[in-house]
Amino acid sequence: MANELTTVDQRTAVTTSPRWQEPSLNGRLADLVLGTDALPTRLPVLTDAELADAEQALAVYRAAPRTSSPRAVDRVMAKLVVAYPAARVSVEEASARLDVYAEQLSDIPADVLMAGAMAAARTMKFFPSISEIRAAAMSQPAPPRIQRQWRLSQLIEARARRGADNSAAERCRPDEAAEIIAALGGRFAAAADPSRPKPQGGNPDRGARMPSREDYVRMFGVDPGDDAAIDPKQMAA
């Protein structure tokens, strides 16, 4: 098994790549996302700066590896090798065993796989098999990043809903708009002709009198003359 440990270290050194890292959160957003208390029933409305940070952090969480690379499995195996007595195996056998473990465990996220392997090491006397590691990993609670991703999505959705509610509150329904236009139209008509009776019911022209010469002069700036004054219909036209 010492040879196997050496093989793991060599392969890990060759396949080293940057690891996924948790996003950085600060202030109230950190308290809401990283805290252990449940989110309040009425979610707070994020500020513009908090919303930008939340959207950026959510993108990072969504980009977290959903599987385990061969290097990630190698790290798990290296941890397990230290936990169990050394076994006498050749380098070829150790390398072949690592390849099988990497292939059969690659569909499990790396952090979940590591937690499951460590749980298996605490309870199993002998080096765990692939099925034992898988069973231990599947029995682990969801990693914190899953809950944090969910919290971020809830806060972002709450901000979006509040923005939609505010936009809806600023608008009026079509029937309300019609009432406003009708009321304003009546006021404008009364201002143009104070002597005109107010509209009755739904007909704005009901009770309206025929225009006089003074009305015509006031409205058009032209005196229609005696002939036009004699014919109210012509003046009305």
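Anchor point for the sequence shown: position 140 equals 140 in my numbering, and the numbering is continuous, going up by one each time.
Ideal Cβ placement from N, Cα and C applies to all residues, glycine included.
Report task. Would you tell me roughly how many angstroms separate the C-alpha atoms of Pro85 and Met124, rounded to the nearest one? Result -> 13 Å
**Report entry** Simplified DSSP assignment, three categories, for Ile108
**Finding:** coil
Query raised in the report: When we look at the beta-carbon of Val82 and count the other beta-carbons within 10 Å, is it buried (16 or more) or exposed?
Result: exposed
Query raised in the report: Is the stretch 113 to 132 in contact with the stretch 146 to 155, if contact means three or more CB pairs nearer than 8 Å?
Result: By the Cβ rule, the stretch 113 to 132 does not count as touching the stretch 146 to 155, because fewer than three pairs are nearer than 8 Å.
**Report entry** CA-to-CA distance, Leu80 to Ser24, given in whole angstroms
**Finding:** 31 Å
Query raised in the report: Rounded to a whole number of angstroms, what is the C-alpha to C-alpha distance between Arg159 and Pro143?
Result: 26 Å
**Report entry** Glu22 - DSSP class collapsed to helix/strand/coil
**Finding:** coil
Query raised in the report: Which ranges would you report for the alpha helix (DSSP H) in the stretch 57 to 85 if only whole runs of at least 4 residues count?
Result: Fully contained in the stretch 57 to 85 are the following alpha helix (DSSP H) runs of length 4 or more, in chain order: 70 to 83.
Query raised in the report: Do Leu51 and Asp74 come within 9 Å of each other at the CB atom, strictly closer than that value?
Result: Not in contact: Asp74 and Leu51 (Cβ atoms no closer than 9 Å).
Query raised in the report: Taking just the CA atoms, how far does Arg62 sit from Leu105?
Result: Their backbone Cα atoms lie some 21 Å apart in a straight line.
**Report entry** Spatial distance of Trp20 from Leu29 (CA atoms)
**Finding:** 21 Å
Query raised in the report: In three-state terms, what does DSSP make of Ser139?
Result: DSSP places Ser139 outside both helix and strand once states are collapsed to three, so it counts as coil.
Query raised in the report: Taking 8 Å as the line, does the beta carbon of Pro70 fall inside it for any heavy atom of the ligand FAD?
Result: Inclusion of the ligand FAD in the displayed structure is not the case, the ligand content being empty and no account of it being possible.
Query raised in the report: To which residues of the same chain is Ala121 closer than 8 Å at the C-beta, ignoring the five residues directly before and after it?
Result: Lys79, Leu80, Ala83, Tyr84 and Pro128
Query raised in the report: From Val89 to Ala102, what does the alpha carbon distance come to, in whole angstroms?
Result: 18 Å
Requested in this report: Could you check which residue in Ala115, Arg145 and Asn26 has the C-alpha nearest to that of Arg134?
Outcome: Per the Cα distances, Ala115.
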